[in-house]
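**Q**
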DNA sequence: TTGTAGGCGTTATCAA
DNA sequence: TTGATAACGCCTACAA
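Chains as they are written, first to last, in this note's numbering: chain A, 40 to 370; chain B, 40 to 370.
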């Protein structure tokens, strides 16, 4: 493997100068820069990240942590979309992604150990739980990190989130305005803020519209297709004429259940999902969806993290993506 | 961050000794080892990977490369399952995983650059194409790597694969033995060996059973659900009474199409998939599946890679997992 | 604008 | 069985 020393020799300069060129130090004459750059590219030289890290520089590696179990990992489209968008954005910025998935609770401690000592310039965490030890550890460490989703305790942490309240409000209002009277909801995972927020917004919106909230019309679906199916089974007994599912996977499960019960969607029961997952867009029968592009979240998280890495803020950044409502009605 | 120096001081030994303990060097007295180990764990000490790499050691990081596009990434369960099984196995072995996904052809060169210089002890590549430049580059480099799936050219590379011929044969024979006469097939992605092999095995099995192979009963599905749906639409015109789909995603697509056409599965048209994907197991209506646990592939690939890293072979290892046939028939 | 030199935390080689 | 000590490749003052 060819090193900085060799490049320096070929370009007729010192290692320092090569280093400056590589790191975009302005204090290099244009002529020298060009010469060095030429040698660099003709040799396909890439600086050694380990050495760079050791010398106090960046590695160009960021960590992506998604501590959810296999059952969700395999069925929720959220996962591949997020991973893809994050890696894609990083690769475009000449960075690499190190991935940690769904470790059980007891192993989380060792993860944080690794994270803090590792080759990472920064970390992105998604799908965490309330008071997640990973988040706590990260917060104590010096490593820059960004959460995808708001964090429960009022910890001053950097996060990027969607406007859950607004999205939910629009979804429920859509159902109200289209004349539905018994609007049910399928919630996500108890013990996550995102689920609570969407549920609360559901309640508030109904209440504000003068509806009585019927507890029989609320069921938990765990964010997965199977859970949406099971929840719909329970809800069906109480004859809703519409369902707001807290994500698309559960919406699809609900539709599967409804069609088994011989109910038409949306004529008999209207269904609205959440996420604007690609698979939902092509799903038949009709699925209406609140748009919240997951990929956008990933991109923004990476961008924010890059900012933090370059100049660590004291002020935490909290970014809430503007909400959109895209109702898809299929033929 | 606490380093080896500090541990040495607290344990009253030299850095060298601590290093020996960490790396399981037998030349340490039991008493010393215990003392060091104690200090290590009480300080939550973890060796710095960058430094370790620089000094000639391992980083404990392996790369996972899956060069497929977004369209497959989002809809094929293959992806999350493989990623999960690989990361899980690695984490259990105290290793980390660096991920590269679906870069377009033109960017592959830079990937290999990164790979070869990076912090990686080894690399796993899946879903490559025939004569993939990534594989070629890896083969020229010194870095240990394992392919998931056999490689076309007779390059002597390490791989772990499933027994595609045998699996396909069993699937098709199952359809023959259950009395089907017009057995169609939906193939994967042209330009991948795995697709060609499954198609060829389909032809051979039919021929050996005395069937005439009807080219109208062969359609390409690209390994995705939508593709399976579209392929089934074409095939339906030629009235097959059974379909062998080269993976479960396409099988699900085919079933969706059939049910839209008012055909019952498996009474009117039997469907057999491939992969034993979890989602397929719970899919209704009836889907019969050739079992080939993807997670097993991931686990084996990691194990093989670890072997290679410890003692690089000259002889390439080629492991073919024994095939299984699990036909699931749902109620 | 450029070069020199020290150090980052570890492993490996040699002596002791 | 242990302890010095020289790399490993790079970055960053500091000096020129």
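The C-beta atom is built at its ideal place from N, Cα and C for all residues, glycine as well.
Could you have a look at residue 200 of chain A and say whether DSSP puts it in helix, strand or coil?
**A** Residue state, collapsed to three classes: strand.
**Q** Considering Cα atoms alone, identify which of A:138, A:161, A:203, A:221 is closest to residue 280 of chain A.
**A** The option with the nearest alpha carbon to residue 280 of chain A is A:221.
**Q** As an exercise, report each continuous alpha helix (DSSP H) stretch of at least 4 residues that is fully enclosed by the region 181-263 of chain A, in chain order.
**A** The region 181-263 of chain A contains these whole alpha helix (DSSP H) runs: 203-216, 232-247.
**Q** Taking only beta-carbon positions, decide if residue 90 of chain B is within less than 7 Å of chain A.
**A** Chain A, which has a Cβ nearer than 7 Å to the Cβ of residue 90 of chain B, makes this yes.
**Q** Run through the DSSP bridge pairs and tell me what residue 103 of chain B is partnered with.
**A** Note: residue 103 of chain B sits in a beta bridge opposite B:138, B:163.
**Q** Which residues of chain A have a Cβ atom closer than 9 Å to the Cβ of residue 187 of chain B, listed in chain order?
**A** Those within 9 Å of residue 187 of chain B in chain A number zero; the least Cβ separation is about 17 Å.
**Q** Which class does residue 316 of chain A belong to by DSSP, given the choice of helix, strand or coil?
**A** In the structure shown, residue 316 of chain A sits in coil (DSSP, three-state: anything other than H, G, I, E or B).
**Q** From the DSSP output, in three-state form, read off residue 363 of chain B for me.
**A** Note: residue 363 of chain B maps to coil in three-state DSSP.
**Q** Look up residue 358 of chain A in the DSSP assignment and say whether it is helix, strand or coil.
**A** Residue 358 of chain A: strand per DSSP, three-state reduction.
**Q** Does the pairing of the region 103-111 of chain A with the region 75-95 of chain A give three or more beta-carbon distances under 8 Å?
**A** Taking 8 Å as the limit for Cβ pairs, the verdict is that the region 75-95 of chain A does not touch the region 103-111 of chain A.
**Q** If contact is defined by three or more beta carbon pairs under 8 Å, each pair taking one atom from either stretch, is the region 354-361 of chain A in contact with the region 191-205 of chain A?
**A** Segments in contact, yes.
**Q** Mapping DSSP to helix, strand and coil, what is residue 98 of chain B?
**A** Note: residue 98 of chain B maps to coil in three-state DSSP.
**Q** Using the Cα positions of residue 104 of chain B and residue 350 of chain B, report the straight-line distance between them to the nearest angstrom.
**A** The straight-line gap from Cα to Cα measures roughly 22 Å.
**Q** Beta carbon of residue 55 of chain B: closer than 6 Å to some heavy atom of the ligand HEM?
**A** In the structure shown, the ligand HEM is absent, as is every other ligand, since no ligand is present at all.
**Q** Checking contacts by CB at 7 Å: is residue 135 of chain B closer than that to chain A?
**A** Closer than 7 Å to some Cβ of chain A, the Cβ of residue 135 of chain B qualifies, so yes.
**Q** Can the beta-carbon of residue 282 of chain B be found less than 7 Å from the beta-carbon of residue 241 of chain B?
**A** Not a contact, by the Cβ cut-off of 7 Å.
**Q** How far does the beta strand (DSSP E) with residue 329 of chain B in it reach, from first residue to last?
**A** Its beta strand (DSSP E) spans residues 327-329.
**Q** One question on the structure: do residue 207 of chain A and residue 247 of chain A come within less than 7 Å of each other, judged by their Cβ atoms?
**A** Their beta carbons are not under 7 Å apart, which means residue 207 of chain A does not touch residue 247 of chain A by this criterion.
**Q** Rounded to the nearest angstrom, what separates residue 168 of chain A and residue 262 of chain A at their Cα positions?
**A** Taking the straight line from one Cα to the other gives about 14 Å.
**Q** Could you give the distance in angstroms between the alpha-carbon of residue 160 of chain A and the alpha-carbon of residue 117 of chain A?
**A** Each residue's Cα considered, the two are about 25 Å apart.
**Q** Classify residue 310 of chain B as helix, strand or coil using the three-state DSSP reduction.
**A** Strand.
**Q** Does the distance from the C-beta atom of residue 181 of chain A to that of residue 83 of chain B stay below 7 Å?
**A** No, Cβ-Cβ distance for residue 181 of chain A and residue 83 of chain B is not below 7 Å.
**Q** Flag residue 256 of chain B as yes if its beta-carbon sits less than 7 Å from any beta-carbon of chain A, otherwise no.
**A** Chain A, which has no Cβ nearer than 7 Å to the Cβ of residue 256 of chain B, makes this no.
**Q** Who are residue 85 of chain A's beta bridge partners in DSSP?
**A** For residue 85 of chain A, which the question treats as bridged, DSSP gives no partner whatsoever.
**Q** Hey, is residue 184 of chain B's beta-carbon within less than 7 Å of any beta-carbon in chain A?
**A** No - not a single Cβ of chain A is within 7 Å of the one on residue 184 of chain B.
**Q** When we look at the beta-carbon of residue 150 of chain A and count the other beta-carbons within 10 Å, is it buried (16 or more) or exposed?
**A** Answer is buried; the Cβ neighbour count reaches 16.
**Q** Once you ignore the five residues that flank residue 342 of chain A on each side, which residues in its own chain have a CB closer than 8 Å to its CB?
**A** Contacts found: 128.
**Q** Quick check: the Cα distance between residue 85 of chain B and residue 215 of chain A, rounded to an integer number of angstroms?
**A** Taking the straight line from one Cα to the other gives about 56 Å.
**Q** Can you give me the Cβ contacts of residue 44 of chain A inside the same chain, cut-off strictly under 7 Å, excluding the 5 residues immediately before and after it?
**A** Closer than 7 Å at Cβ, skipping near neighbours: 54.
**Q** For residue 75 of chain B, decide whether its Cβ has a neighbour in chain A, counting only Cβ atoms nearer than 7 Å.
**A** Answer no: the Cβ-Cβ gap between residue 75 of chain B and chain A never drops below 7 Å.
**Q** Taking 7 Å as the threshold (beta carbon to beta carbon), is residue 415 of chain B in contact with chain A?
**A** Lying outside 40 to 370, the shown extent of chain B, residue 415 of chain B is not represented and no answer is given.
**Q** Who does residue 282 of chain A pair with in a DSSP beta bridge?
**A** Residue 282 of chain A is bridged to A:223, A:310.
**Q** Could you pull out every residue in the same chain whose Cβ sits closer than 8 Å to the Cβ of residue 187 of chain A, ignoring the five residues on either side in sequence?
**A** Around residue 187 of chain A: 121, 163, 164, 165, 166, 198, 199, 200, 336, 337, 340.
**Q** Going by the CB atoms, is the gap between residue 223 of chain B and residue 274 of chain B shorter than 7 Å?
**A** Contact flag set, yes.
**Q** Assign residue 266 of chain A to one of three DSSP states: helix, strand, or coil.
**A** Of the three classes helix, strand and coil, the one that applies to residue 266 of chain A here is helix, per DSSP.
**Q** Strictly below 7 Å CB to CB, what residues from chain B border residue 120 of chain A?
**A** Those within 7 Å of residue 120 of chain A in chain B are 113.
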